[in-house]
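In our numbering, the protein residues as written are 26 to 84. In what follows, a single structure is set out as structure tokens and then discussed.
Dropping the structure here:
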């Protein structure tokens, strides 16, 4: 039983470490170097993408 709790605790730590920062729900579009429009800079950073330019990406 103690192994079960140790495994659950470890998995919780892994999930929290990979959760990223909570981003505000403010739409301020930015374009990443991957050609994807992100809702704001926080979402772009959480995706691990560099900024190409502010504003939506052109298709």
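Each residue gets a CB set at the ideal place from its N, CA and C atoms; glycine is no exception. Computed from a predicted structure; not experimentally measured.
- If you check the CB distance, residue 54 and residue 71 do not come in under 9 Å.
- Collapsing the DSSP output to three states places residue 74 in coil.
- Beta-bridge annotation (DSSP): residue 63 is paired with 55.
- Out of 68, 31, 29 and 58, the CA that lies nearest to the CA of residue 49 is found in 68.
- Scanning its chain for C-beta atoms nearer than 7 Å, with the 5 sequence neighbours on each side dropped, one finds around residue 51 the residues 65, in chain order.
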